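Quick notes on the structure that follows.
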Ligand code: PDD
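In our numbering, the protein residues as written are 990 to 1268.
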C-alpha cells in the first residue's frame, strides 16, 4: 500500500489520516464506497465505477457532485503506475457534533481515498471452494454501502468452513457472493442473476456479459434456483480484486470435474486480453 492517502482535500501519510469518532461513517456505517482497479496506472472502467458511486450517493441521499475529471485529479497522485493497484474510495455523511439517527442539518461529507496493490488471487488459477448461505442482508444490496456487517459475517462463515466465498440465496434463488457476483454454466449456457435491489451491479460482471456477447458465448441474465447449482458444470464468482474465479467445490460437492472448467478458461483469457488492451 502506498503510504500517502487522500482525506478531505489533503494528501498525507496514512498514519496521519484521522477522522472524528463522531463521524457518521464510524457511528452508523452511514456511507458508500467504491473499489476501482488501476492496471499500470490506468483506471479500469472508470466511468462505470463513478456512475455506480453516483447512484449509491443518490440512494443514500448524500449530495456530493464531482466530475470525472475531479475524481481523476484526486486519484492520480495516489497511483504508482508501474503495477496493478486499486483505489479504495469511501464517502461518509461526515461529522456531526451529536449522535442522532436523522441527518444532521449541515453536512460536510468525509471523503477518503487510498491505493493498494492488487495481489493476484491464487484461486483464479487453482479454483476455490465455496459454500451456500441464506442471504441475510438488507433490501438495498445494489447500493455499495460501507455498512458491511452482514457481508463480513457471511464471508467469515465461508472461511470458517474452509471456503473462500459464500454464495448467497434469497427465497430459494441465488443473489450474489458475499463480495462478488455469481455466474453458472448449465447445459452449456452461461447464466447470471439479473440486476435488482438484491445484488450489486458488478463492473466485472458487466465486462463478462459484454465479452460473452462479443465472442458469441451463449449467455443470459436469469434467476437461478439454489438447487440448480448442483446441475452446474461450472460456477464462477467475479469481482474487481479477484477478477473471475472458478468455484471447484460447493458445499463439499465437486463442481464439474473439480478443476477450472473450459468456459472459465476461455472467459479468463478474454478478460485478461481485454485488460491488456486498455493498458
Ligand atoms: N466488492 N457484490 C458485492 C456484494 C461486492 O462487494 C462486490 C465487490 C461485487 C463485485 O463488484 P465489482 O465487479 O464491481 O468489483 C459484487 C469489492 C471488491 C469490495 O467490497 O472489496
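C-beta: ideal position from N, C-alpha, C; glycine also. Model, not experiment: these values are computed from the prediction.
Among 1224, 1070, 1229, whose alpha-carbon lies nearest the alpha-carbon of residue 1236? Between residue 1236 and the set 1224, 1070, 1229, the nearest pair of CA atoms involves 1224.
So, for residue 1027: in the same chain, excluding its five sequence neighbours on each side, which residues have a beta-carbon less than 7 Å away from its beta-carbon? The beta carbon of residue 1027 lies closer than 7 Å to those of 1033, 1068, 1074, 1075, 1076 in the same chain, with the five residues before and after it left out.
Three-state secondary structure assigned by DSSP to residue 1164: In this structure, residue 1164 counts as strand in the three-state DSSP scheme.
Return the Cβ separation of residue 1147 and residue 1167 in integer angstroms, given the expectation that the two are a contact with Cβ distance under 8 Å. Residue 1147 to residue 1167, Cβ: 7 Å. Contact.
Taking 7 Å as the cut-off, does the CB of residue 1170 come closer than this to any heavy atom belonging to the ligand PDD? Yes.
Beta carbon of residue 1182, beta carbon of residue 1202: below 8 Å? Contact annotation: residue 1182 and residue 1202 have beta-carbon atoms that are not nearer than 8 Å.
7 Å CB neighbourhood of residue 1124 in its chain, flanking five on each side removed: Hits under 7 Å: 1157, 1158, 1159, 1164.
Using only the heavy atoms of the ligand PDD, determine whether one of them is closer than 7 Å to the beta carbon of residue 1227. Taking non-hydrogen atoms of the ligand PDD into account, the C-beta of residue 1227 is found less than 7 Å away from one of them.
Is residue 1082 near the ligand PDD, with its Cβ less than 7 Å from a heavy atom? With a cutoff of 7 Å, residue 1082 does not count as near the ligand PDD, since its C-beta is closer than that to no heavy atom of the ligand.
How many Å lie between residue 1017 and residue 1083 at the Cα? The straight-line gap from Cα to Cα measures roughly 11 Å.
Is the separation between the beta-carbon of residue 1102 and that of residue 1078 shorter than 8 Å? In this structure, residue 1078 lies closer than 8 Å to residue 1102 by Cβ.
Which residues does DSSP list as the beta-bridge partners of residue 1235? 1225.
Decide if residue 1250 is buried, meaning its Cβ has at least 16 other Cβ atoms within 10 Å, or exposed. Its Cβ being crowded by 16 or more others within 10 Å, residue 1250 is buried.
Determine contact between the region 1214 to 1224 and the region 1183 to 1197, defined as no fewer than three beta-carbon pairs at a distance below 8 Å. Below 8 Å, too few C-beta pairs join the region 1214 to 1224 and the region 1183 to 1197 to call them touching: fewer than three.
Quick check on this structure: which residue in 1142, 1013, 1006 has the alpha carbon closest to the alpha carbon of residue 1098? Each of 1142, 1013, 1006 was checked against the Cα of residue 1098, and the nearest Cα belongs to 1013.
Using DSSP bridges, identify the partner residues of residue 1158. Answer is 1123, 1163, bridged to residue 1158.
Find out if the Cβ-Cβ distance for the pair residue 1234, residue 1144 is shorter than 8 Å. Residue 1234 is not a Cβ neighbour of residue 1144, given a cutoff of 8 Å.
Which stretch, first to last residue, makes up the alpha helix (DSSP H) that contains residue 1205? Per DSSP, residue 1205 belongs to no alpha helix (DSSP H) and is neither H nor E.
Which residue or residues does DSSP assign as beta-bridge partners of residue 1300? Nothing about residue 1300 can be reported from this structure: the residues present for the chain run from 990 to 1268 only.
Kindly examine the ligand PDD and report whether one of its heavy atoms sits closer than 7 Å to the Cβ of residue 1194. For the ligand PDD, at least one heavy atom lies less than 7 Å from the Cβ of residue 1194.
Please list, in chain order, all residues of the same chain as residue 1048 whose beta carbon is under 7 Å from its beta carbon, the five residues on each side excluded. Correct list, in chain order: 1129, 1132.
Name the DSSP bridge partner or partners of residue 1242? The partner list for residue 1242 (beta bridge, DSSP) reads 1239.
Helix, strand or coil: which one does DSSP assign to residue 1008? Judged by DSSP in its simplified three-state form, residue 1008 adopts coil rather than helix or strand.
Are there 16 or more other CB atoms within 10 angstroms of the CB of residue 992, so buried, or fewer, so exposed? By the 10 Å Cβ count, residue 992 comes out exposed.
Would you mind working out which of 1173, 1039, 1255 sits nearest residue 1063, comparing C-alpha positions? Checking every option, the nearest Cα to that of residue 1063 belongs to 1039.
So what's residue 1266 in DSSP terms, helix, strand or just coil? Helix.
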